[in-house]
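Undergrad: One structure follows; several queries about it will come next.
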Amino acid sequence: MRIATWNVNSVKQRLDHLLSWLQERQPDIVCLQEIKCVDDAFPREPIEAAGWNVAVHGQKTFNGVALLSRRPFDEVTPGLPGDPDDDHARFLECVVSTGAGGVVRVACLYLPNGNPVGTEKYPYKLRWMDRLSAYARDRLALEEPFVMAGDYNVLPNPIDVPNPEAWAGDALFLPQTRDKFSALKALGFTDAIRAGSDAPGLYTFWDYQAGCWQKNLGLRIDHLLLSPQAADRLESAGIDKHVRGWDKPSDHVPVWCDLALEAA
1 MRIATWNVNS
11 VKQRLDHLLS
21 WLQERQPDIV
31 CLQEIKCVDD
41 AFPREPIEAA
51 GWNVAVHGQK
61 TFNGVALLSR
71 RPFDEVTPGL
81 PGDPDDDHAR
91 FLECVVSTGA
101 GGVVRVACLY
111 LPNGNPVGTE
121 KYPYKLRWMD
131 RLSAYARDRL
141 ALEEPFVMAG
151 DYNVLPNPID
161 VPNPEAWAGD
171 ALFLPQTRDK
181 FSALKALGFT
191 DAIRAGSDAP
201 GLYTFWDYQA
211 GCWQKNLGLR
221 IDHLLLSPQA
231 ADRLESAGID
241 KHVRGWDKPS
251 DHVPVWCDLA
261 LEAA
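In this text, residue positions in the sequence shown follow UniProt numbering: the first is 1, and each later residue adds one.
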């Protein structure tokens, strides 16, 4: 079973890219972030016509997440628990049946950026990370294959950015941010990409400004975290860097992993 995540940076603007990539990569479950539309405006018809089940938790103009699955959803739950006043559309969870009566649980998330530091945006990011850890701890207790995939807006280590010194004061790389991400992983999660390689230069995002793509000045901020039951079934993982070179691309590229879970 192939599970992928992609911050598409407006699903309506990148619909052709999305459909082309789905055909090329052939995933089973896809997590999308920054769809930038309300539920009713999501381009459901062409995606369903291509064979996908669709779940959407949208928001006008910004944020918004969606899940695509080749198999029907057994459960779909929007919203990260822990703050009933948080109206940002940043989280969507699904359960999908696998072979032999099993299931896989997938959480699609778009973690707050947190910049500029010194405003309310950074404490909001930290509180969101605390809520994510509490949610993850509860889900791990179920002892099932579980993947938390999305745009984390976190640079876990210096090798995930080409010039760490330039990012020292950024919300994505501050020690407190990285410590909370490390604590999340320490609950029992495996970083799918780093499970196979400690190489530098494995980026998932290139800013549109300053020739970042042409100079390969990227960031690794999109991650798939695997529960022990998912990590035990990890076969491979990858980053589809070439998608950033397409015409009018998203500034992020898809990240995926293959798990030895038989599709139902």
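From the three backbone atoms N, C-alpha and C, an ideal C-beta is built for every residue, glycine too. As the structure is a computational prediction, the values presented were derived from the model and not from experiment.
Which stretch, first to last residue, makes up the alpha helix (DSSP H) that contains methionine 1?
TA: No alpha helix (DSSP H) holds methionine 1; DSSP gives it neither H nor E.
Undergrad: Where do the N-terminal and C-terminal ends of the beta strand (DSSP E) with isoleucine 239 fall, by residue?
TA: Per DSSP, isoleucine 239 belongs to the beta strand (DSSP E) from 234-239.
Undergrad: Between the Cα of glutamine 59 and the Cα atoms of Val30, Arg90, Leu32, which residue gives the shortest distance?
TA: Glutamine 59 has its Cα closest to that of Arg90, out of Val30, Arg90, Leu32.
Undergrad: Is the distance from the Cβ of alanine 49 to the Cβ of phenylalanine 73 below 8 Å?
TA: Taking 8 Å as the Cβ cut-off, alanine 49 and phenylalanine 73 do not qualify as a contacting pair.
Undergrad: Rounded to the nearest angstrom, how far is the Cβ of leucine 68 from that of isoleucine 47, given a contact under 8 Å?
TA: Their Cβ separation, rounded to whole angstroms, is 7 Å, which keeps leucine 68 and isoleucine 47 in contact under 8 Å.
Undergrad: Assess contact between the segment 126-136 and the segment 237-250, defined as three or more Cβ pairs (one per stretch) separated by less than 8 Å. Is contact present?
TA: Segments in contact, no.
Undergrad: Going along the chain, which unbroken runs of the beta strand (DSSP E) with 3 or more residues stay wholly within the segment 97-123?
TA: Qualifying beta strand (DSSP E) stretches, in chain order: 103-110.
Undergrad: State yes or no: is the C-beta of leucine 111 within less than 8 Å of the C-beta of asparagine 53?
TA: Contact: no.
Undergrad: To the nearest whole angstrom, what separates the beta carbons of leucine 224 and valine 255, a pair I think is in contact under 8 Å?
TA: The pair is a contact, with the Cβ atoms about 6 Å apart (cut-off 8 Å).
Undergrad: Straight-line CA distance for threonine 5 to threonine 204?
TA: So the alpha carbons of these two residues sit roughly 10 Å apart.
Undergrad: Rounded to the nearest angstrom, what separates valine 117 and asparagine 216 at their Cα positions?
TA: C-alpha separation (whole angstroms): 26 Å.
Undergrad: Taking Cβ positions, are serine 250 and valine 65 nearer each other than 8 Å?
TA: Result no, Cβ atoms of serine 250 and valine 65 do not sit closer than 8 Å.
Undergrad: Taking DSSP as the reference, what is the three-state secondary structure of glycine 245?
TA: Glycine 245: helix per DSSP, three-state reduction.
Undergrad: Identify the continuous beta strand (DSSP E) that holds phenylalanine 62 and give its terminal residues.
TA: First-last for phenylalanine 62: undefined, no H or E at that position.
Undergrad: For glycine 39, which residues from the same chain have a beta carbon less than 6 Å from its beta carbon, with the 5 sequence-adjacent residues on both sides left out?
TA: Here the sequence assigns aspartate to residue 39, which means glycine is not the residue at that position. Here the set comprises Val56, Gly58.
Undergrad: Could you check which residue in Gln33, Trp213, Phe189 has the C-alpha nearest to that of cysteine 108?
TA: Ranking the options by Cα distance to cysteine 108, first place goes to Gln33.
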